[in-house]
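**Q** Below is the structure I would like to discuss, written out as structure tokens.
In the UniProt record's numbering, the protein residues as written are 1 to 586.
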């Protein structure tokens, strides 16, 4: 194929006169590339619109700059399904053309679906689609925010249950339409209405008495349900409905108080989690024997200090774990001290990881003591906490546990002395954790460079220092030198050295480096290997003088890269547009 000419045809910088001449190409692949170029003029668009190759016209219809409305209407008249489908999905397609596409006479499901999805489709076309579209199209339309009142009414009388159910969840569905749907004989439709956040309160009140549990459940969860409706549902025979009421922020204090005495622990747990629950109810729930209630209470953000202290002695370790991880424990010193001495290491670990608590100066002694905990799980949790006292971090840096060292290496609060100490580690997990940081001091990086296992990580790491990259550039591994050559932080001196490397892959990496100097690129443009020269030709930072040198390059791969470069001078593109070389490409 004429890949060079194709690249020139697709380049927006190719001169208009050259683009026009390419429209006469006998190669449909060249014309297809040209058709997708946003810089082609109306004359070229009009010509390509009549192209016998459907792929060319399809490319034109995918162009961000579509032909005129008159030309598009002519294409629609031809009736080719693929072209009509492509045009129907274009966000810049004119309304008149979209209207024409909806009139048939031939339809495909994808055509109608594309029209339904297009944000420019006019309301009258949307209404028409509600009548002629298949189930998939109508279901998609039912959730659209762009339906007219007439379209809503049309879909509300749809014979398909799925379409009506989807429409009933649409928050823009008119109130009178929702009223009709709330009386539907199918429970699935009523469930959807009950779920709709825009459903009027009177509709929700009526649905609260529905025979189906699923409908009542959705009313109980709806943020639009008022306190009176929720109070009614709080007496529902189904515990799931009552629990959902207990979690609704619109439930009033009387309702929450009553539900706090519910026989089902899931209901009481939902009450415990509701931020509107009265303090007296929370106090009572703290003594609840159900572990589920205690677990939920322990994560609440509005626990009183007294209730924190009660839960710190709860019989369930899961409750104490939740409490230890709760940020408000920072204000409950007595409870925090109890948890720091808990018999279960998981509880102590949860506290050790609590950043809010670690930020309190009065709790410093507590966290320093956790650095000496007998269980590595606790020390590992403490090691990742960025707010623990410096003395605790220092103590952890002496820890023998690999997991603790690895966790500490990830902590953003450790100082350079600890970083340097960790850089001496023989464990890859510690080294890799250090390499993920952006604040490694040079001496720590130098130590890591000596480890074979991390050299490639260093070479690909964005934060790697230029001095380290220079050291890696002398490595015997070709792949490593290639990685250094493409690194944006590699210095000009190092790139200059690598540009003379015996491996063409290293030199090619230099040629593609955005930091390569014009002088270096000029030298590489004369390289004996086409791979290197093609990288120079493709480098967006190559200037006009360098690119001109490659105009007559013997390798078509180089000329193709040159023709694709947006910086290639127009006179060069003019020459390349006449390149008729045909060869197989990958």
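A virtual CB, placed ideally from N, CA and C, is assigned to each residue, including glycine.
Quick one: measure Cβ to Cβ for residue 223 and residue 250, integer angstroms, because I've assumed they're closer than 8 Å.
**A** Position 223 of the chain shown, counted from the first residue, corresponds to residue 223. Position 250 of the chain shown, counted from the first residue, corresponds to residue 250. Between residue 250 and residue 223 the Cβ distance is about 7 Å, and since that is below 8 Å, they are a contact.
**Q** Given this structure, state the Cα-to-Cα distance separating residue 412 from residue 437, to the nearest angstrom.
**A** Start at 1 with the first residue of the chain shown, and residue 412 comes out as number 412. Start at 1 with the first residue of the chain shown, and residue 437 comes out as number 437. Cα to Cα, residue 412 sits roughly 8 Å from residue 437.
**Q** State the start and end residues of the unbroken alpha helix (DSSP H) segment that holds residue 128.
**A** One-based indexing of the chain shown puts residue 128 at position 128. Note, residue 128: alpha helix (DSSP H), 123-132.
**Q** Less than 7 Å between C-beta atoms, sequence neighbours within five positions excluded: which residues of the same chain meet that for residue 403?
**A** To locate residue 403, count along the chain shown from 1; it is residue 403. 376 and 380, listed in sequence order.
**Q** By the three-class DSSP mapping on this structure, what secondary structure does residue 222 have?
**A** Within the chain shown, the letter at position 222 stands for residue 222. Correct three-state label for residue 222: coil.
**Q** Using 8 Å for Cβ pairs, my map puts residue 7 next to residue 564. What's the rounded Cβ distance?
**A** As a first step, residue 7 is located in the chain shown; it is residue number 7 there, counting from the start. As a first step, residue 564 is located in the chain shown; it is residue number 564 there, counting from the start. Contact flag correct, Cβ pair sits at about 4 Å.
**Q** Considering only C-alpha positions, which residue in the set 425, 300, 495 and 34 is nearest to residue 514?
**A** Translated into the one-based positions of the chain shown, residue 514 becomes position 514. Measuring from the Cα of residue 514, the nearest candidate turns out to be 495.
**Q** How many Å lie between residue 561 and residue 24 at the Cα?
**A** Within the chain shown, the letter at position 561 stands for residue 561. Within the chain shown, the letter at position 24 stands for residue 24. Looking at the two C-alpha atoms, the distance is approximately 23 Å.
**Q** Would you kindly report the start and end of the unbroken alpha helix (DSSP H) that includes residue 177?
**A** Along the chain shown, read from residue 1 onward, the residue named residue 177 stands at position 177. Element bounds for residue 177: 175-181.
**Q** My output table needs one value for residue 3: the three-state DSSP class, helix, strand or coil.
**A** Here residue 3 is taken as the residue at index 3 of the chain shown, counted from 1. In this structure, residue 3 counts as helix in the three-state DSSP scheme.
**Q** Can you check whether the CB of residue 121 is closer than 8 Å to the CB of residue 98?
**A** In the chain shown, residue 98 corresponds to position 98, counting from 1. In the chain shown, residue 121 corresponds to position 121, counting from 1. Yes, the pair counts as a contact, with Cβ atoms nearer than the cut-off.
**Q** Please look up how many angstroms separate the CB atoms of residue 53 and residue 81, rounded, as I've assumed it's under 8 Å.
**A** The count along the chain shown starts at 1 and reaches residue 53 at position 53. The count along the chain shown starts at 1 and reaches residue 81 at position 81. Incorrect: roughly 16 Å between the Cβ atoms, too far for contact.
**Q** To the nearest angstrom, how far is it from the Cα of residue 267 to the Cα of residue 378?
**A** Residue numbering aside, residue 267 sits at position 267 when the chain shown is read from its first letter. Residue numbering aside, residue 378 sits at position 378 when the chain shown is read from its first letter. Whole-angstrom Cα-Cα distance: 34 Å.
**Q** Using only the alpha-carbon positions, how far apart do residue 541 and residue 555 sit?
**A** Within the chain shown, numbered from 1, the residue matching residue 541 stands at position 541. Within the chain shown, numbered from 1, the residue matching residue 555 stands at position 555. Near 21 Å, if we compare the C-alpha coordinates of residue 555 and residue 541.
**Q** Using alpha carbons as the reference points, say which of 467, 499 and 321 lies closest to residue 482.
**A** The sequence position of residue 482 within the chain shown is 482, counting from 1. Among 467, 499 and 321, the Cα nearest to that of residue 482 belongs to 499.
**Q** Residue 452 by DSSP, collapsed to three states: which one?
**A** Mapped onto the chain shown, residue 452 falls at position 452. Helix at residue 452.
**Q** How is residue 497 classed by DSSP in three states: helix, strand or coil?
**A** The residue you call residue 497 lines up with position 497 of the chain shown. Of the three classes helix, strand and coil, the one that applies to residue 497 here is helix, per DSSP.
**Q** Pick helix, strand or coil for residue 437, following the three-state DSSP scheme.
**A** Translated into positions along the chain shown, residue 437 becomes position 437. DSSP places residue 437 in coil when its eight states are reduced to three.
**Q** Can you grab the Cα-Cα spacing for the pair residue 593 / residue 387, in whole Å?
**A** Outside the shown range of the chain (1 to 586) lies residue 593, about which nothing can therefore be said.
**Q** Nearest CA to the CA of residue 59: which residue from 74, 73, 32 and 39?
**A** Taking the chain shown and counting its residues from 1, one reaches residue 59 at position 59. Closest by alpha carbon: 32.
**Q** Compute the Euclidean distance between the alpha carbons of residue 443 and residue 420, then round it to the nearest angstrom.
**A** Indexing the chain shown from 1 puts residue 443 at position 443. Indexing the chain shown from 1 puts residue 420 at position 420. Approximately 7 Å between the Cα atoms of the pair.
**Q** Contact check, residue 440 vs residue 449 under 8 Å by CB: the rounded distance?
**A** Numbered from its first residue, the chain shown carries residue 440 at position 440. Numbered from its first residue, the chain shown carries residue 449 at position 449. About 11 Å separates the two Cβ atoms, so there is no contact after all.
**Q** Around the Cβ of residue 77, are there at least 16 other Cβ atoms within 10 angstroms (buried) or fewer (exposed)?
**A** As a position in the chain shown, residue 77 is number 77, starting the count at 1. It is exposed - the Cβ of residue 77 has fewer than 16 other Cβ atoms within 10 Å.
**Q** Going by DSSP, what residue range makes up the alpha helix (DSSP H) through residue 44?
**A** One-based indexing of the chain shown puts residue 44 at position 44. Start and end: 42-49.
**Q** Please give the ranges of any alpha helix (DSSP H) in the segment 150-204, keeping only runs that are unbroken, at least 4 residues long and fully inside the region.
**A** Listed in chain order, they are 161-169, 175-181 and 187-195.
**Q** Between 19, 2 and 1, which lies nearest to residue 573 when the distance is taken from Cα to Cα?
**A** By one-based count along the chain shown, residue 573 stands at place 573. Considering only alpha carbons, the answer is 19.
**Q** By alpha-carbon positions, which one of 455, 490 and 460 ends up nearest to residue 477?
**A** If you number the chain shown from 1, residue 477 lands on position 477. Comparing Cα-Cα distances from residue 477 to each of 455, 490 and 460, the minimum goes to 455.
**Q** Any beta carbon of chain D sitting closer than 8 Å to that of residue 400?
**A** You won't find chain D in this structure, because it holds only one protein chain.
**Q** Any idea what DSSP makes of residue 104, helix, strand or coil?
**A** By 1-based counting over the chain shown, the position of residue 104 is 104. Of the three classes helix, strand and coil, the one that applies to residue 104 here is coil, per DSSP.
**Q** Three-state secondary structure (DSSP) at residue 554?
**A** By one-based count along the chain shown, residue 554 stands at place 554. DSSP places residue 554 in coil when its eight states are reduced to three.
**Q** Out of 159, 84, 190 and 185, point me to the one whose CA is closest to residue 170's CA.
**A** Numbered from its first residue, the chain shown carries residue 170 at position 170. Answer by Cα proximity: 190.
**Q** Tell me the rounded alpha-carbon separation between residue 146 and residue 128.
**A** For the purposes of this step, residue 146 is identified with residue 146 of the chain shown, where counting begins at 1. For the purposes of this step, residue 128 is identified with residue 128 of the chain shown, where counting begins at 1. The straight-line gap from Cα to Cα measures roughly 13 Å.
**Q** Taking the alpha-carbon of residue 521 as reference, which of 175, 539, 295 and 284 has the nearest alpha-carbon?
**A** Here residue 521 refers to the residue found at position 521 of the chain shown. Checked all of 175, 539, 295 and 284; the closest Cα to residue 521 is 539.
**Q** Using CA coordinates, which residue listed in 165, 261, 305 and 302 is at the minimum distance from residue 289?
**A** Here residue 289 corresponds to residue number 289 of the chain shown, with the count starting at 1. Of 165, 261, 305 and 302, the residue nearest in Cα terms is 261.
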